[in-house]
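Participant: Protein sequences appear in the order of chains U and D.
First residue of the first sequence? That's 15 in our numbering, and the numbers climb one at a time after it.
First residue of the second sequence? That's 15 in our numbering, and the numbers climb one at a time after it.
Quick reminder that beta carbons are idealized off the backbone N, C-alpha and C, glycines included.
Quick caveat, the model's predicted, so the values are computed rather than measured.
2 protein chains.
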Amino acid sequence: MDGSPFPIVRSTLPEAAAERLRTLIIEGTLAPGARLNERELSEQLGVSRTPLREAFRILAGDGLLVQLPNRGAQVVALSAEDARHGFDVMGALEGLAGELAVTRVTDADIEDLRALQAEMETAHAERDLPAYYRVNRAIHDRLNAIAGNPILTHTYRTLNTRLHALRFRSNLNTAKWNQAVAEHRDMIAALAVRDGAALRDMLIRHLRAKQQAVLETMKNEKTLGVV
Amino acid sequence: MDGSPFPIVRSTLPEAAAERLRTLIIEGTLAPGARLNERELSEQLGVSRTPLREAFRILAGDGLLVQLPNRGAQVVALSAEDARHGFDVMGALEGLAGELAVTRVTDADIEDLRALQAEMETAHAERDLPAYYRVNRAIHDRLNAIAGNPILTHTYRTLNTRLHALRFRSNLNTAKWNQAVAEHRDMIAALAVRDGAALRDMLIRHLRAKQQAVLETMKNEKTLGVV
DNA sequence: CTCTGGCATGTTGTATACAAAATGCAACAG
DNA sequence: CTGTTGCATTTTGTATACAACATGCCAGAG
Chain U
15 MDGSPFPIVR
25 STLPEAAAER
35 LRTLIIEGTL
45 APGARLNERE
55 LSEQLGVSRT
65 PLREAFRILA
75 GDGLLVQLPN
85 RGAQVVALSA
95 EDARHGFDVM
105 GALEGLAGEL
115 AVTRVTDADI
125 EDLRALQAEM
135 ETAHAERDLP
145 AYYRVNRAIH
155 DRLNAIAGNP
165 ILTHTYRTLN
175 TRLHALRFRS
185 NLNTAKWNQA
195 VAEHRDMIAA
205 LAVRDGAALR
215 DMLIRHLRAK
225 QQAVLETMKN
235 EKTLGVV
Chain D
15 MDGSPFPIVR
25 STLPEAAAER
35 LRTLIIEGTL
45 APGARLNERE
55 LSEQLGVSRT
65 PLREAFRILA
75 GDGLLVQLPN
85 RGAQVVALSA
95 EDARHGFDVM
105 GALEGLAGEL
115 AVTRVTDADI
125 EDLRALQAEM
135 ETAHAERDLP
145 AYYRVNRAIH
155 DRLNAIAGNP
165 ILTHTYRTLN
175 TRLHALRFRS
185 NLNTAKWNQA
195 VAEHRDMIAA
205 LAVRDGAALR
215 DMLIRHLRAK
225 QQAVLETMKN
235 EKTLGVV
């Protein structure tokens with residue numbers, strides 16, 4: 015699967031800067047709507063404006079930044095509508111991932127997923143939210159990997175990053191959490207019996223639940239005036 | 015729907031350059047795999063290297079270029095596998111567009127689509143392939159617009175552009191053409207009766223047929239050694 | 001003749017200088 | 001007091017200069 019055995023990871027300055035900015039945006043250090051001053055940022059990152067501007071272009075392509083002519087770049091501020099749309103598309107992508115996965119999944123894959131599921135149950139039992147999110151992401155990434163469609167994976171990842179900029183890990187109450195864990199169990203079961211249609215439906219419903227939770231959170235934040 | 019009444023269309027140099035290069039790539043003037051020399055290209059486009067490099071970043075984000083550190087940019091060369099993957103994702107996206115469209119479509123929309131369908135039938139009857147492709151694109155764009163999901167539209171458009179770089183308008187024989195036109199008729203009918211599931215299935219099958227045609231063409235070109 | 005090493009050349013990467021546009025403020029007219 | 005106009009300042013856009021790296025060729029050793 016891999017290319018050369020000892021690949022020297024060489025990153026260019028624009029890519030490194032973009033990666034750094036990506037993190038800052040997702041963590042919220044660079045708030046939605048914030049305008050990015052080129053000179054200031056370039057000094058903070060320790061690079062000149064030229065590679066920084068290329069980093070801006072990369073992030074604009076990812077949908078994390080918007081660039082206005084002669085007025086610089088600013089962090090995107092996703093509206094509730096945008097979030098809704100994003101999750102709809104995510105649903106379609108994950109649904110496809112599920113359908114493709116059943117055609118290619120091996121028993122070893124299912125073993126791995128069951129192990130991840132066990133980790134998830136543990137995190138759930140211990141009320142360890144960060145661990146839960148980490149395992150959750152691992153499971154969905156794994157499903158995408160099994161699907162074996164690089165274009166799908168890339169599209170999925172990009173959109174996922176964009177939605178993560180919403181920092182939506184807020185509104186997960188006990189009932190929803192229980193349900194989400196149960197859904198994962200069912201999804202792996204559907205994959206194990208190679209039921210693509212069922213898996214697809216589950217993934218879409220799963221996404222829809224997340225969408226609902228995020229939209230509620232956003233509505234609350236809006237009415238409460240939370241920053 | 016529009017913003018300000020008299021928007022001054024101001025494009026930056028990088029965007030203009032990217033747009034020009036996009037055309038050159040899709041038309042095949044810049045062949046797949048071709049390496050792009052910055053100095054040379056910047057002179058041909060009449061811009062300096064700095065905005066040209068930003069244009070490269072834009073196009074790399076669109077998936078039309080790949081950039082290798084210290085080794086410049088080159089036009090992507092999609093493999094048959096890539097094409098297959100791309101069409102799979104397109105199917106999921108168009109399927110979603112169909113499902114969303116039925117929830118929002120108006121009778122006026124359907125009238126417009128029927129008019130486009132009539133245009134398509136004319137183009138088909140007159141064996142006017144360019145006109146057919148134009149109308150075809152208009153119909154699919156229209157469906158996306160009705161779906162009313164900007165993120166979906168953007169994702170769809172980007173991927174579509176990427177696939178167009180394959181220049182796959184080759185292998186459309188009479189039987190396939192007839193079938194494609196008939197499928198469009200059925201799709202509009204499904205939309206008219208608001209049958210989202212049926213429309214989705216049709217769109218996916220429609221895409222699958224196109225995918226097959228493209229893969230066959232690519233296989234032929236490969237074995238025939240066509241450049 | 002073949003392979004390796006080193007150098008010359010070309011090409012990409014980054015920094016900086018200059019040009020153009022936007023922004024904010026202050027002075028002035030109404 | 002309000003709104004407008006012009007200027008100073010800041011910020012972005014583009015070009016260019018220089019540095020780092022890659023490539024191709026030639027000489028020389030084996």
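Identify which residue in A31(D), A204(D) and D123(D) has its Cα closest to the Cα of E113(D).
Facilitator: Counted from its first residue, the second sequence places residue 113(D) at position 99. Residue A204(D) is the option with its Cα nearest to E113(D).
Participant: Helix, strand or coil for G60(D) per DSSP?
Facilitator: Position 46 of the second sequence, counting from 1, holds the residue named residue 60(D). If DSSP states are grouped into helix, strand and coil, G60(D) belongs with coil.
Participant: Taking 8 Å as the CB-CB cut-off, is G17(D) touching chain U?
Facilitator: Here the question's residue 17(D) lines up with position 3 in the second sequence. Only weak support is given to the placement of G17(D): the predicted model assigns it a pLDDT of 44, under 50, and the value that follows is read from those uncertain coordinates. So no, G17(D) is outside the interface.
Participant: For the beta strand (DSSP E) containing V89(D), name the first residue and the last one.
Facilitator: Counted from its first residue, the second sequence places residue 89(D) at position 75. Here the beta strand (DSSP E) through V89(D) covers G86 to V89.
Participant: Which class does R49(U) belong to by DSSP, given the choice of helix, strand or coil?
Facilitator: The sequence position of residue 49(U) within the first sequence is 35, counting from 1. Collapsing the DSSP output to three states places R49(U) in a strand.
Participant: Any chance the stretch 102-111 of chain D sits against the stretch 157-167 of chain U, with 3 or more Cβ pairs inside 8 Å?
Facilitator: yes
Participant: If the criterion is Cβ atoms closer than 8 Å, does the pair A111(U) and L55(U) meet it?
Facilitator: Here residue 111(U) is taken as the residue at index 97 of the first sequence, counted from 1. Here residue 55(U) is taken as the residue at index 41 of the first sequence, counted from 1. For A111(U) and L55(U), no; Cβs fall outside 8 Å.
Participant: Run through DSSP, which three-state label would G17(D) get?
Facilitator: Residue 17(D) sits at position 3 when you count from the first residue of the second sequence. In this prediction, G17(D) has a pLDDT of 44, which is less than 50 and means its spatial position is unreliable; nothing more can be read from the coordinates.
Participant: Identify which residue in L107(U), E68(U), A94(U) and V89(U) has its Cα closest to the Cα of N234(U).
Facilitator: Within the first sequence, the letter at position 220 stands for residue 234(U). When each option's Cα is compared against that of N234(U), the closest is A94(U).
Participant: Using C-beta distances below 6 Å, list every residue in its chain close to I202(U), excluding the 5 sequence neighbours before and after it, in chain order.
Facilitator: Position 188 of the first sequence, counted from the start, is the residue given in the question as residue 202(U). Only residues of its own chain outside the window of five on either side were considered, and among them L127 and Q131 have a CB closer than 6 Å to the CB of I202(U), listed in chain order.
Participant: Please return the same chain residues whose Cβ sits closer than 8 Å to the Cβ of I124(D), not counting the five positions on each side in sequence.
Facilitator: Stepping through the second sequence from its first residue, residue 124(D) is reached at position 110. Only I202, L205 and A206 meet the Cβ criterion.
Participant: Taking 8 Å as the threshold (C-beta atoms), are I72(U) and R71(D) in contact?
Facilitator: Sequence index remark: in the second sequence, residue 71(D) carries index 57 (1-based). Sequence index remark: in the first sequence, residue 72(U) carries index 58 (1-based). Contact: yes.
Participant: To the nearest angstrom, report how far apart L59(D) and D142(U) are at their CA atoms.
Facilitator: The residue you call residue 59(D) lines up with position 45 of the second sequence. The residue you call residue 142(U) lines up with position 128 of the first sequence. Between the alpha carbons of L59(D) and D142(U) lies a distance of about 56 Å.
Participant: For T43(D) and A179(D), what's the separation of their Cα atoms in angstroms?
Facilitator: Numbered from its first residue, the second sequence carries residue 43(D) at position 29. Numbered from its first residue, the second sequence carries residue 179(D) at position 165. Those two C-alpha atoms are separated by around 11 Å.
Participant: Taking H8(U) as the query, report the chain D residues whose CB atoms sit under 8 Å from its CB, ordered along the chain.
Facilitator: Nothing can be reported for residue 8(U), as the shown portion of chain U is limited to 15 through 241.
Participant: On a Cα-Cα basis, can you pick out the residue from E68(D), R148(D) and L92(D) that is closest to V228(D)?
Facilitator: The residue you call residue 228(D) lines up with position 214 of the second sequence. When each option's Cα is compared against that of V228(D), the closest is L92(D).
Participant: Do the CB positions of Y170(U) and L79(U) come within less than 8 Å of each other?
Facilitator: Mapped onto the first sequence, residue 170(U) falls at position 156. Mapped onto the first sequence, residue 79(U) falls at position 65. For Y170(U) and L79(U), no; Cβs fall outside 8 Å.
Participant: L107(D) by DSSP, collapsed to three states: which one?
Facilitator: As a working mapping, residue 107(D) is identified with position 93 in the second sequence. Three-state result, L107(D): helix.
Participant: Tell me which residues share the same chain as H220(D) and place their Cβ nearer than 6 Å to its Cβ, disregarding the 5 neighbours each side in the sequence.
Facilitator: One-based indexing of the second sequence puts residue 220(D) at position 206. Answer for H220(D): E197, listed in chain order.
Participant: For the beta strand (DSSP E) containing V80(U), name the first residue and the last one.
Facilitator: If you number the first sequence from 1, residue 80(U) lands on position 66. Taken as a continuous stretch (DSSP letters only), the beta strand (DSSP E) holding V80(U) covers L79 to L82.
Participant: Roughly how many angstroms lie between the CA atoms of Y146(D) and R98(D), to the nearest whole one?
Facilitator: Residue 146(D) sits at position 132 when you count from the first residue of the second sequence. Residue 98(D) sits at position 84 when you count from the first residue of the second sequence. Spanning the two alpha carbons is a distance of roughly 23 Å.
Participant: Listing by chain order, which chain D residues have their CB less than 7 Å from the CB of A68(U)?
Facilitator: Numbered from its first residue, the first sequence carries residue 68(U) at position 54. The identity of residue 68(U) in the sequence shown is Glu, whereas the question assumes Ala. Here the neighbours are R67, E68 and R71.
Participant: Output, in chain order, the set of chain U residues within a Cβ distance shorter than 7 Å of A106(D).
Facilitator: Looking up residue 106(D) in the second sequence gives position 92. Near A106(D) (Cβ distances below 7 Å), the residues of chain U are A106, L107, G109 and L110.
Participant: DSSP three-state call for G42(D): helix, strand or coil?
Facilitator: As a position in the second sequence, residue 42(D) is number 28, starting the count at 1. DSSP places G42(D) in coil when its eight states are reduced to three.
Participant: In angstroms, rounded to a whole number, what distance separates the CA positions of H154(D) and A189(D)?
Facilitator: What you label residue 154(D) is simply residue 140 of the second sequence in a count that begins at 1. What you label residue 189(D) is simply residue 175 of the second sequence in a count that begins at 1. Distance between the alpha carbons of H154(D) and A189(D) is about 21 Å.
Participant: If contacts are defined as beta-carbon pairs under 8 Å, then R67(D) and E68(U) qualify, I think. What distance do you get, rounded to the angstrom?
Facilitator: As a working note, residue 67(D) is residue 53 in the second sequence. As a working note, residue 68(U) is residue 54 in the first sequence. Under the criterion of beta carbons closer than 8 Å, R67(D) and E68(U) qualify as touching, at roughly 6 Å.
Participant: So the alpha helix (DSSP H) L177(U) belongs to, where does it begin and stop?
Facilitator: Translated into positions along the first sequence, residue 177(U) becomes position 163. Run containing L177(U): P164 to H178, per the alpha helix (DSSP H) assignment.
Participant: From V89(U), A30(U) and R24(U), pick the residue whose C-alpha is nearest to that of H51(U); which is it?
Facilitator: Locating residue 51(U) in the first sequence gives position 37, counting from the first residue. Strictly speaking, residue 51(U) in this sequence is Asn, with His absent from that position. That would be V89(U), whose Cα lies nearest to the Cα of N51(U).
Participant: In angstroms with no decimal places, state the Cα-to-Cα distance between S25(D) and G86(D).
Facilitator: As a position in the second sequence, residue 25(D) is number 11, starting the count at 1. As a position in the second sequence, residue 86(D) is number 72, starting the count at 1. Spanning the two alpha carbons is a distance of roughly 25 Å.
Participant: Given a cut-off of 8 Å on the beta-carbon distance, is the pair V61(U) and L35(U) in contact?
Facilitator: The residue labelled residue 61(U) in the question sits at position 47 within the first sequence. The residue labelled residue 35(U) in the question sits at position 21 within the first sequence. Cβ distance not < 8 Å, so V61(U) and L35(U) don't count as in contact.
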